[in-house]
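Below: one structure, written as structure tokens.
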Amino acid sequence: MARLVIVSNRVPVPGDRNPAAGGLAVALADAITPGSLWFGWSGARATATATRPEIRTVAGITFATLDLGETDYRRYYSGFANSTLYPLLLFRLGLVSFRKEDYVGYRAVNRAFAAALAPLLLPDDIIWIHDYHLLPLGLELRALGVTQRIGFFLHTPFVPPALFSVLPRAAELLEALCACDVIGFHTEDYRAAFCDCVTAILGIRPNADGGFLHRKRLVQVIVAPVGIDVGSFTASATRAATGAATTGLVQSLGGRQLAVSVDRLDYAKGLPNRIHALDHLLSRYPTHRKRITFLQIAAPSREELGHYRGLRRELDRAVGDINGRYSEPDWTPIRHITRPVRRTTLAGFHRRASLGVVTPFRDGMNLVAKEYVAAQNPADPGVLVLSRFAGAAEELGDALIVNPYDAEEIAEAMHRGLLMPLEERQARHAAMLARIRASSANRFCERFLAALDGAPEPTPEVS
Ligand code: ADQ
Numbered sequence: 033m034a035r036l037v038i039v040s041n042r043v044p045v046p047g048d049r050n051p052a053a054g055g056l057a058v059a060l061a062d063a064i065t066p067g068s069l070w071f072g073w074s075g076a077r078a079t080a081t082a083t084r085p086e087i088r089t090v091a092g093i094t095f096a097t098l099d100l101g102e103t104d105y106r107r108y109y110s111g112f113a114n115s116t117l118y119p120l121l122l123f124r125l126g127l128v129s130f131r132k133e134d135y136v137g138y139r140a141v142n143r144a145f146a147a148a149l150a151p152l153l154l155p156d157d158i159i160w161i162h163d164y165h166l167l168p169l170g171l172e173l174r175a176l177g178v179t180q181r182i183g184f185f186l187h188t189p190f191v192p193p194a195l196f197s198v199l200p201r202a203a204e205l206l207e208a209l210c211a212c213d214v215i216g217f218h219t220e221d222y223r224a225a226f227c228d229c230v231t232a233i234l235g236i237r238p239n240a241d242g243g244f245l246h247r248k249r250l251v252q253v254i255v256a257p258v259g260i261d262v263g264s265f266t267a268s269a270t271r272a273a274t275g276a277a278t279t280g281l282v283q284s285l286g287g288r289q290l291a292v293s294v295d296r297l298d299y300a301k302g303l304p305n306r307i308h309a310l311d312h313l314l315s316r317y318p319t320h321r322k323r324i325t326f327l328q329i330a331a332p333s334r335e336e337l338g339h340y341r342g343l344r345r346e347l348d349r350a351v352g353d354i355n356g357r358y359s360e361p362d363w364t365p366i367r368h369i370t371r372p373v374r375r376t377t378l379a380g381f382h383r384r385a386s387l388g389v390v391t392p393f394r395d396g397m398n399l400v401a402k403e404y405v406a407a408q409n410p411a412d413p414g415v416l417v418l419s420r421f422a423g424a425a426e427e428l429g430d431a432l433i434v435n436p437y438d439a440e441e442i443a444e445a446m447h448r449g450l451l452m453p454l455e456e457r458q459a460r461h462a463a464m465l466a467r468i469r470a471s472s473a474n475r476f477c478e479r480f481l482a483a484l485d486g487a488p489e490p491t492p493e494v495s
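The numbering of the sequence shown is the numbering used here, which starts it at 33 and goes up by one.
Structure below.
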């Protein structure tokens with residue numbers, strides 16, 4: 033049987049003292065079985081980028097990681113990946129900066145990844161590359177003579193040609209990505225936007241199935257929505273709901289309703305606007321004062337970047353302002369935690385929350401929305417308030433869908449959710465539960481790997 037090789041920017045090595053909070057590891061937990069190889073950055077920085085990976089095997093899975101040199105880290109990771117590509121793909125044109133040396137560094141790290149990975153590959157391997165940090169990795173591997181099947185999955189949205197063509201080197205990057213056999217996206221919208229870019233920028237028109245020929249290679253473009261392992265998340269939520277952390281939380285609420293938000297601290301997640309929404313809720317509907325506690329858990333992320341530090345200050349200010357204006361001696365509207373919390377603990381909090389508030393300005397998918405649904409007690413479920421610009425909204429139309437830029441609309445949805453009759457809550461929850469079961473983490477991996485497995489054998493000479 034073919035071995036699966038996963039490549040991602042960060043590698044979640046078990047026991048890592050400094051794991052990155054994020055959805056990628058959750059999404060791939062089902063794919064990475066004993067015998068697989070996971071390759072990428074260790075998360076550590078050194079004077080120069082390593083040329084040979086450090087290899088560890090844990091529970092039959094091989095983890096091969098490289099340390100990044102300081103300059104490469106600045107140009108590839110902080111620079112082109114997170115200050116150019118990420119804001120662009122999240123539709124935040126005003127935050128995009130471009131420096132040629134960052135692009136050169138980005139390409140150099142992709143080349144270094146390819147050079148370190150190629151000697152580890154076996155003839156029948158299936159290679160699955162993840163996310164915007166590694167758009168040109170497929171091409172770099174092909175340049176070293178790698179003929180194995182290569183797939184690529186993008187965890188962010190994809191933007192239409194009018195936006196993508198803003199990127200200097202847009203054509204070069206698109207071409208490089210087309211060295212893969214299968215390219216996958218969370219939603220039909222992103223897939224269509226990518227195909228439109230291929231047409232507008234490369235002059236190639238994909239067929240109705242999203243396939244096209246590029247340099248003698250058939251490239252397939254597919255939709256594979258990322259999901260979660262619903263059964264195991266529901267089981268952890270049920271267990272955690274009676275555990276110490278959740279019972280302590282529930283006791284501290286003194287019978288008040290709980291609303292929960294869980295995010296990486298990222299400007300795409302719409303955090304300050306959500307806090308403004310709470311302001312609207314409490315001023316427009318004073319009946320909720322002293323009756324609701326809002327628990328915001330935001331794990332720090334990419335703190336070395338200025339925009340992220342600025343966001344943290346903005347959020348601290350907004351929370352302080354609302355708590356200052358509405359708190360009573362025996363009640364504070366917002367509890368604000370800026371630390372990662374264990375996923376199993378979060379599951380218990382979700383289960384006890386009458387409202388899950390997930391309002392990113394943009395999000396590739398957003399697994400927290402699915403986790404909130406999976407954690408609910410079907411007999412007495414809470415209500416999900418969800419941004420229409422999260423990929424998850426395509427599947428979770430039974431949530432209360434809001435425009436995340438409109439704080440008043442979010443407030444109205446929160447109000448409606450807090451008062452929603454049991455029967456309506458049950459019906460909406462049942463419909464959403466069925467959807468997340470149908471697009472589980474397992475199904476995501478199966479769908480992508482089946483497409484990759486069925487891809488025709490690549491021809492060796494690619495010119
Ligand atoms: P992320 O932006 O990291 O992922 P998301 O999909 O919400 O976002 O997944 C986050 C995961 O980390 C969830 O499992 C969640 O429970 C956990 N998490 C979030 N905040 C946390 C916190 N404060 N403490 C501890 N754990 C926390 C990227 C894309 C998403 C896409 C995923 C998967 O940005 O759009 O859904 O990849 O493709």
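Heads up, the beta-carbon is just placed ideally off N, CA and C, and yes, glycines get one too.
These numbers were taken from a predicted model, which means no experiment stands behind them.
Beta-carbon contacts of Ala61 that lie in its chain and below 8 angstroms, excluding the five residues immediately before and after: Asp261 and Ala473
Nonlocal neighbours in the same chain, by C-beta distance under 7 angstroms from Val178, ignoring five residues either side: Ala150 and Leu153
Contact between the region 367 to 387 and the region 97 to 104 (3+ Cβ pairs under 8 angstroms): no
Leu186 to Arg357 span [Cα, whole Å]: 42 angstroms
Close-in-space but distant-in-sequence residues of the same chain around Ala53 (CB under 6 angstroms, 5 per side omitted): Interpretation of Ala53 is limited by its pLDDT of 49, a score under 50 that renders its predicted location unreliable; the figure taken from the coordinates is listed afterwards. Arg296, Ala331 and Pro372.
Limits of the unbroken alpha helix (DSSP H) element including Val351: Gly338 to Tyr358
Nonlocal neighbours in the same chain, by C-beta distance under 7 angstroms from Glu360, ignoring five residues either side: Lys322
Identity of the residues DSSP links to Ser293 by a beta bridge: Gln328
Three-way DSSP call (helix, strand, coil) for Ile468 in this model: helix
Cβ distance (whole Å) where Ile93 is taken to contact Ser129 below 8 angstroms: Wrong, their Cβ atoms sit about 37 angstroms apart, outside the cutoff.
Identified DSSP bridge partners for Leu36: Ile158
Pairwise C-alpha distance: Ile158 and Arg35: 6 angstroms
Exposed unless 16 or more other CB atoms sit within 10 angstroms - verdict on Glu133: exposed
Heavy atom of the ligand ADQ within 7 angstroms of Leu378 beta-carbon: yes
For Gln408, the nearest candidate out of His461, Asp438, Ile433 and Val400 (CA to CA): His461
Contacting residues, own chain, Cβ-Cβ under 7 angstroms from Ser110 (five flanking each side not counted): Glu336 and Leu337
Closer than 7 angstroms: Arg220 CB and nearest the ligand ADQ heavy atom: First, the amino acid is wrong: residue 220 is Glu here, not Arg. Incorrect: Glu220 has no Cβ contact closer than 7 angstroms to the ligand ADQ.
Local Cβ density within 10 Å of Ile468, reported as buried at 16 or more and exposed below that: buried
Near the ligand ADQ: Asn41 beta-carbon under 7 angstroms from a heavy atom: no
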